[in-house]
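Notes to accompany the following structure.
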Amino acid sequence: MAVPGLAVGAVLLLLLVATVAPYPNGKVTESCHNMVPRHGHTPRPDPVHSVAVSQATFAPGDHLEVTLSGPEFKGFLLEARDAEHLSGPPIGSFTLIDSDASQLLTCEDREGSAVSHTNAHKKTEIKVWWNAPQSAPNHIQFLATVVQKYKTYWVKIPSPVVSQPNAPPFSTPEPTAAPLSTFPPVSHLTKRFSASDCGNKKFCVRSPAACDPEKESTCVFLSFARDGQSVAVELSGPSKGYLSFALSHDRWMGDDDAYLCVREEQTVRIQPSHLKGRSHPVLESWDALEEMAWRLEDGVMQCSFRRNITLPGAENRFDLNASYYVFLASGAAEEGQIYRHPQQPLITYEKYDVTGHPEDVGGSQSPLLLKAHGALMLVAWVAAVSIGVIVARFFKPVLSHPVFGDAAWFQVHRALMLTTCVLTGIAFVLPFVYRGGWSRHAGCHPYLGCTVMTLAVLQPVLAGFRPPLHDPRRHLFNWTHWGIGTAARIIAVAAMFLGMDLPGLSLPGPWKTYTMLGFVAWHVGAEIVLEIHAYRLSRKVEILDDTRIQIIEPFTIADAEGHAFKKAVLAVYVCGNLTFLLIFLAAIYRL
20 MAVPGLAVGA
30 VLLLLLVATV
40 APYPNGKVTE
50 SCHNMVPRHG
60 HTPRPDPVHS
70 VAVSQATFAP
80 GDHLEVTLSG
90 PEFKGFLLEA
100 RDAEHLSGPP
110 IGSFTLIDSD
120 ASQLLTCEDR
130 EGSAVSHTNA
140 HKKTEIKVWW
150 NAPQSAPNHI
160 QFLATVVQKY
170 KTYWVKIPSP
180 VVSQPNAPPF
190 STPEPTAAPL
200 STFPPVSHLT
210 KRFSASDCGN
220 KKFCVRSPAA
230 CDPEKESTCV
240 FLSFARDGQS
250 VAVELSGPSK
260 GYLSFALSHD
270 RWMGDDDAYL
280 CVREEQTVRI
290 QPSHLKGRSH
300 PVLESWDALE
310 EMAWRLEDGV
320 MQCSFRRNIT
330 LPGAENRFDL
340 NASYYVFLAS
350 GAAEEGQIYR
360 HPQQPLITYE
370 KYDVTGHPED
380 VGGSQSPLLL
390 KAHGALMLVA
400 WVAAVSIGVI
410 VARFFKPVLS
420 HPVFGDAAWF
430 QVHRALMLTT
440 CVLTGIAFVL
450 PFVYRGGWSR
460 HAGCHPYLGC
470 TVMTLAVLQP
480 VLAGFRPPLH
490 DPRRHLFNWT
500 HWGIGTAARI
510 IAVAAMFLGM
520 DLPGLSLPGP
530 WKTYTMLGFV
540 AWHVGAEIVL
550 EIHAYRLSRK
560 VEILDDTRIQ
570 IIEPFTIADA
580 EGHAFKKAVL
590 AVYVCGNLTF
600 LLIFLAAIYR
610 L
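Numbering (my numbering), first residue to last: 20 to 610.
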């Protein structure tokens with residue numbers, strides 16, 4: 020890869036939803052009962068696919084071949100039901116013919132009682148065997164839900180009825196198609212929301228602080244206005260995909276009451292949902308929402324709705340008279356599908372009762388502990404280590420005078436390296452405190468961080484066993500010390516490249532990667548300049564020897580001739596490192 024940070028920064032986009040339901044892997048057990056995908060759209064009433072059965076009659080223990088076919092589709096769910104009681108549980112079990120395209124599901128505690136897709140690849144035909152149970156009803160009908168696109172699907176496509184040989188005549192079946200869901204009435208907003216009542220009549224969350232959605236298109240805005248036993252909610256922000264907010268008992272996604280405003284061409288769909296961890300949102304009914312409205316203008320999306328403060332009959336809707344953290348997120352959407360947000364959600368600093376006393380609050384997309392982690396690592400590995408290494412490698416003659424019993428260069432080197440160890444140790448602990456354990460969503464960064472931490476601890480431990488200057492093992496120690504230190508620096512730089520692209524720090528734009536590349540080039544350039552300077556001094560000594568000029572300690576004298584130059588390089592190098600460090604710290608803390 021040309022730029023390490025950009026590769027991780029290209030990671031897609033709360034809420035990863037694929038082209039077949041929210042489940043491209045076919046794990047759709049939540050839809051077993053009603054066979055309706057959790058897409059939030061109306062199923063098509065005119066099936067273009069068919070379900071065929073290899074025979075018209077069956078006996079308990081028989082194996083019937085069932086074929087689902089038609090125009091290309093991506094997902095499906097197939098079940099057998101009692102033809103006289105289609106809303107009942109699935110009957111019998113299936114055996115796969117092509118395990119690459121289909122898989123068995125356990126529906127209503129009946130293993131293998133349904134079949135679904137294994138991937139989102141296009142397919143035109145699926146064949147399976149159905150195994151008739153000993154307790155089979157007189158009449159069986161197969162039902163299939165087929166997903167062609169996210170917004171295009173058919174629910175409970177029926178097969179011909181198959182019956183046992185001596186069964187009584189088949190009576191009129193129940194309707195096989197699920198009732199078509201209809202969108203609730205939604206109106207169009209005529210003007211932008213205003214922040215004028217924030218802290219007075221409305222509870223508001225705004226980013227940047229004190230922004231006004233009526234005047235600023237970049238303002239991310241959420242308000243709650245209590246009106247008796249209901250609350251009017253307004254959500255606004257720049258987005259061409261979706262905006263969302265969630266109420267959470269903690270700072271982690273999971274078991275949250277969420278609401279989505281999703282752009283679909285030139286309209287906006289307002290959808291309540293429930294978040295389970297970092298998985299796809301479970302889209303739910305609009306029944307809890309009233310007075311829904313939306314507006315699209317100049318890249319700004321606005322939506323509003325009203326809901327009751329308490330909803331006793333709604334399992335996943337929180338009561339609004341309690342305190343919660345408020346999350347705000349946005350991301351891309353296509354044909355009604357939403358993709359994971361590219362940045363960390365904006366999270367309020369503490370819990371709030373949004374129906375209590377009106378307040379005007381803000382939030383952060385980067386938790387303080389993660390900011391501290393990034394800042395401490397940058398201080399350690401951009402400033403302390405780099406300067407400590409340069410001093411030890413090139414400035415021994417310049418800083419040879421004793422300080423507290425040891426050469427000045429050694430005291431500087433040791434102090435900076437011990438500072439690095441301490442800062443790295445503190446920074447290493449902070450993400451674990453924040454996450455409450457290991458993060459599975461940070462890619463390679465934590466693994467590299469653990470490696471750096473190990474090497475940073477190993478260096479001072481080995482230094483404690485450093486042999487005397489003229490000991491035969493001193494040469495081995497020097498190479499080991501150099502090798503571990505160099506490896507730690509290289510891995511630390513890689514970890515910083517990857518860490519800067521993680522959403523936890525929320526650093527803006529690609530400039531961070533180029534700035535880090537600039538720092539690496541700055542450090543390598545300084546080392547090259549000093550290496551060239553040292554080489555020229557050594558050549559000067561050789562020339563002095565060749566002309567047989569009598570000098571005492573010629574290398575030290577020649578090296579001393581460049582002290583002024585080295586001091587100038589060191590001063591410039593330290594200033595440059597501190598400048599890079601300040602740029603990063605200012606970005607982390609938005610200074």
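Even glycine gets a Cβ: it sits at the ideal position worked out from N, Cα and C.
Because the structure is a prediction, the values reported are computed rather than measured.
Check	Outcome
For Q430, which three-state DSSP category applies?	helix
Start and end of the beta strand (DSSP E) containing R508?	Unbroken run through R508 is the alpha helix (DSSP H), R493 to M519; no beta strand (DSSP E).
Cβ of F189 within 8 Å of Cβ of H158?	yes
Considering only C-alpha positions, which residue in the set G518, R485, K93 and S258 is nearest to A120?	K93
Relative to the alpha-carbon of G256, which residue among M311, G350 and A163 has its alpha-carbon at the smallest distance?	G350
Where do the N-terminal and C-terminal ends of the beta strand (DSSP E) with H293 fall, by residue?	T286 to L294
Kindly indicate which residue of I116, D117 and S135 has the alpha-carbon position closest to the one of L123.	S135
In terms of DSSP beta bridges, what is Y554 paired with?	For Y554, which the question treats as bridged, DSSP gives no partner whatsoever.
Ordered along the chain, which non-local residues of its own chain (more than five positions away) have a Cβ less than 6 Å from that of P522?	Q362 and Q363
Going by CA-CA distance only, name the one from V47, P66 and K175 that's closest to T137.	V47
Roughly how many angstroms lie between the CA atoms of G28 and Y533, to the nearest whole one?	Note that G28 scores 37 on pLDDT, short of 50, meaning its location in the model is unreliable; the coordinates nonetheless yield the value given after this. Cα to Cα, G28 sits roughly 13 Å from Y533.
Tell me, which residues are paired with V422 by DSSP?	D425
Which partner residues of T76 appear in the DSSP bridge assignment?	S182
Are the beta-carbon atoms of V345 and L254 separated by less than 8 Å?	no
Consult DSSP for E49 and reduce its assignment to one of helix, strand or coil.	helix
So the candidates are A403, R63 and D425; which of them puts its Cα closest to the Cα of R508?	A403
Whole angstroms are fine: how far does the CA of H500 sit from the CA of H464?	24 Å
Any heavy atom of the ligand HEM closer than 7 Å to the Cβ of L365?	By its list of ligands, the structure shown contains no ligand whatsoever, and the ligand HEM lies outside what it can speak to.
What does a CB cutoff of less than 6 Å around S73 pick up in its chain, not counting 5 residues either side in sequence?	L83 and E84
Going by DSSP, name the residue or residues bridged to I176.	A163
Give the range of the beta strand (DSSP E) segment to which Y343 is assigned.	S342 to G350
Please name the residue or residues paired with G94 in a DSSP beta bridge.	V166
Establish whether the CB of V539 and some CB of chain D are separated by less than 8 Å.	This model lacks chain D altogether; it includes just one protein chain.
Quick one: grab the DSSP three-state call for H207.	strand
So for E546, helix, strand or coil by DSSP?	helix
So does the segment 241-255 actually touch the segment 320-332, counting three or more Cβ pairs closer than 8 Å?	yes
Please name the residue, chosen from P386, Y172 and A163, that lies closest to P62 on a Cα-to-Cα basis.	Y172
To which residues of the same chain is A411 closer than 6 Å at the C-beta, ignoring the five residues directly before and after it?	H432
Run through DSSP, which three-state label would S458 get?	coil
DSSP state of D65, grouped into three classes?	coil
What separation, rounded to the nearest whole angstrom, lies between the Cα atoms of D379 and I366?	14 Å
Could you compute how far the alpha carbon of I571 sits from the alpha carbon of L600?	With a pLDDT of 39 at I571, under the threshold of 50, the modelled position of this residue cannot be trusted, and the question is left open.
Any contact between the segment 435-453 and the segment 392-403? By contact I mean 3 or more CB pairs, one from each, below 8 Å.	yes
Please report how far the alpha carbon of A482 lies from the alpha carbon of T470, in whole angstroms.	19 Å
By DSSP's criteria, C126 is part of a beta bridge. Which residues make up the other side?	R129
Measure the Cβ-Cβ separation of P109 and R129 and say whether it is below 8 Å.	yes
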